[in-house]
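One structure is given below, encoded as structure tokens.
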Amino acid sequence: MVLRVLLAGGPTSVHSRIRELFENAPDIQVVAAVASGVESVRLAHDLHPDVVLIHARSEGMDGIEIARQIVGSGELSHVHTMMLADSAADESVLGALNSGVRGFLERDAQTETLVEAVRAVARGEAHLSPAATRCVLDKLFPVIPSGSGDGIARLWSELTPREREVVSLAALGLDNKAISSRLIVSHFTVKTHITRAMAKLDVRSRAQLVAEVHRSGLVRKRDGE
């Protein structure tokens, strides 16, 4: 199955770069590219692409409004949206997610990352860059209970090297599929490591695990430090 992608908003230089990135992805086809926000929404209605890849900065209408109009249209309920931005600033990430997009990447995302993100969004999944993920976690968990970060740090040594590796990748925003691909292990193995790490670190959810490990600074350390 070929995924049909509409490039909405942004300069032609960005469109050209994205087309080049997709050249070696035979399952992705760019059906149109347009700088105008209004024209982007019109083409979404005319072409019914699988994914609309929206640039945050667009002519006449910003990316968040483009996403809002596409997501809010009953005729385009099957069309998925994702956004490219210069950076993962709080207002751009949260505004994009509130508008209904399922993916958020920085404009300089590497080929493999962008291709996988488009595929994931087309499946109806969410795909956020590590920076965007950290932004969301900062809003979800603005304050850690007193001593929580220190407690996580003390318990970190109880994890096996592989568990620390898996948790670190999860804290950087990778989902189980991406982690299993990176470490060349099964999805079940990744899930098992996450579950065991949660028990050892005494956290109740994956979101809490990622938030507290991220805030503790442990994701910047290597095993054994």
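The sequence shown begins at 232 in this note's numbering and counts up by one.
Each residue gets a CB set at the ideal place from its N, CA and C atoms; glycine is no exception.
Straight-line Cα distance separating P242 from S379 = Locating residue 379 in the sequence shown gives position 148, counting from the first residue. Locating residue 242 in the sequence shown gives position 11, counting from the first residue. Interpretation of S379 is limited by its pLDDT of 46, a score under 50 that renders its predicted location unreliable; the figure taken from the coordinates is listed afterwards. Those two C-alpha atoms are separated by around 45 Å.
ask   = Would V282 pass as a contact of A353 if the rule is Cβ separation under 8 Å?
value = Looking up residue 282 in the sequence shown gives position 51. Looking up residue 353 in the sequence shown gives position 122. Their beta carbons are under 8 Å apart, which means V282 touches A353 by this criterion.
key: Cα-Cα separation between H286 and A402, rounded to whole angstroms   = As a first step, residue 286 must be located in the sequence shown, where it is residue number 55. As a first step, residue 402 must be located in the sequence shown, where it is residue number 171. Taking the straight line joining both Cα atoms gives about 26 Å.
inquiry  = Output needed for T342: all residues of its chain with C-beta closer than 7 Å, excluding positions within five of it in sequence on either side, in chain order.
reply    = Start at 1 with the first residue of the sequence shown, and residue 342 comes out as number 111. When the five nearest sequence neighbours on each side are left out, the beta carbons in the same chain lying within less than 7 Å of the beta carbon of T342 are those of L252, in order along the chain.
ask   = Which residues in the same chain as G291 place their Cβ atom closer than 8 Å to its Cβ, once the five residues preceding and following it in sequence are excluded?
value = Numbered from 1 along the sequence shown, position 60 holds the residue referred to as residue 291. Once the five neighbours on either side are set aside, the close Cβ partners of G291 are S267, G268 and V269.
query = A438 to G404, Cα distance in whole Å?
reply = Taking the sequence shown and counting its residues from 1, one reaches residue 438 at position 207. Taking the sequence shown and counting its residues from 1, one reaches residue 404 at position 173. Near 11 Å, if we compare the C-alpha coordinates of G404 and A438.
inquiry  = Here's a check: name, in chain order, each residue in its chain whose Cβ is nearer than 8 Å to the Cβ of A340, leaving out the five neighbours to either side.
reply    = Counting from 1 along the sequence shown, the entry for residue 340 is found at position 109. Excluding positions up to five away in sequence, the list reads L315, A348 and S360.
request  = Consult DSSP for M292 and reduce its assignment to one of helix, strand or coil.
outcome  = Residue mapping note: residue 292 aligns to position 61 of the sequence shown, counting from 1. It is coil, neither helix nor strand.
request  = Go ahead and label V233 buried or exposed: buried means 16 or more other beta carbons lie within 10 angstroms of its beta carbon, across all protein chains shown.
outcome  = Here residue 233 refers to the residue found at position 2 when the sequence shown is read from its first residue. V233 is exposed by the Cβ-count criterion.
request  = Have a look at L414, K408, S318 and A362 and flag the residue whose alpha-carbon is nearest the alpha-carbon of A442.
outcome  = Here residue 442 refers to the residue found at position 211 of the sequence shown. Closest by alpha carbon: A362.
ask   = Distance, Cα to Cα, R248 vs S417?
value = Here the question's residue 248 lines up with position 17 in the sequence shown. Here the question's residue 417 lines up with position 186 in the sequence shown. Their Cα atoms are separated by approximately 33 Å.
request  = Determine the DSSP secondary structure at G331, reduced to helix, strand or coil.
outcome  = Walking along the sequence shown from the start, residue 331 turns up at place 100. Judged by DSSP in its simplified three-state form, G331 adopts coil rather than helix or strand.
query = With 16 other CB atoms within 10 Å as the buried threshold, where does I301 fall?
reply = As a first step, residue 301 must be located in the sequence shown, where it is residue number 70. Looking at its Cβ environment, which holds 16 or more other Cβ atoms inside 10 Å, I301 is buried.
message = Counting C-beta neighbours from all protein chains within 10 Å, is the total for R365 16 or more, i.e. buried, or is it exposed?
response = Translated into positions along the sequence shown, residue 365 becomes position 134. With 16 or more other Cβ atoms inside 10 Å of its own Cβ, R365 counts as buried.
request  = Say whether chain E places a C-beta atom closer than 8 Å to the C-beta of T344.
outcome  = Among the chains in the structure shown there is no chain E, since it carries only a single protein chain.
message = Just to confirm, is the Cβ distance from I295 to G326 under 8 Å?
response = Translated into positions along the sequence shown, residue 295 becomes position 64. Translated into positions along the sequence shown, residue 326 becomes position 95. For I295 and G326, yes; Cβs fall inside 8 Å.
task = For V311, count neighbouring Cβ atoms within 10 angstroms of its own Cβ and tell me buried if that reaches 16, exposed if not.
result = Along the sequence shown, read from residue 1 onward, the residue named residue 311 stands at position 80. Residue identity differs from the one stated: residue 311 is His in this sequence, not Val. Classification of H311: buried, given that the 10 Å Cβ count is 16 or more.
key: Segment limits, alpha helix (DSSP H) that includes T350   = Here residue 350 refers to the residue found at position 119 when the sequence shown is read from its first residue. Going by the sequence as given, residue 350 is Arg instead of Thr. Per DSSP, R350 belongs to the alpha helix (DSSP H) from T342 to A353.
ask   = Secondary structure at S267, three-state DSSP: helix, strand or coil?
value = Start at 1 with the first residue of the sequence shown, and residue 267 comes out as number 36. Of the three classes helix, strand and coil, the one that applies to S267 here is strand, per DSSP.
message = I need the boundaries of the alpha helix (DSSP H) containing A320, first residue and last residue.
response = Here the question's residue 320 lines up with position 89 in the sequence shown. Looking at the DSSP string, A320 is not in any alpha helix (DSSP H), and its letter there is neither H nor E.
key: Identity of the residue in L400, D258 and I297 nearest A351 by Cα   = As a first step, residue 351 must be located in the sequence shown, where it is residue number 120. If we check each option's Cα against that of A351, D258 comes out closest.
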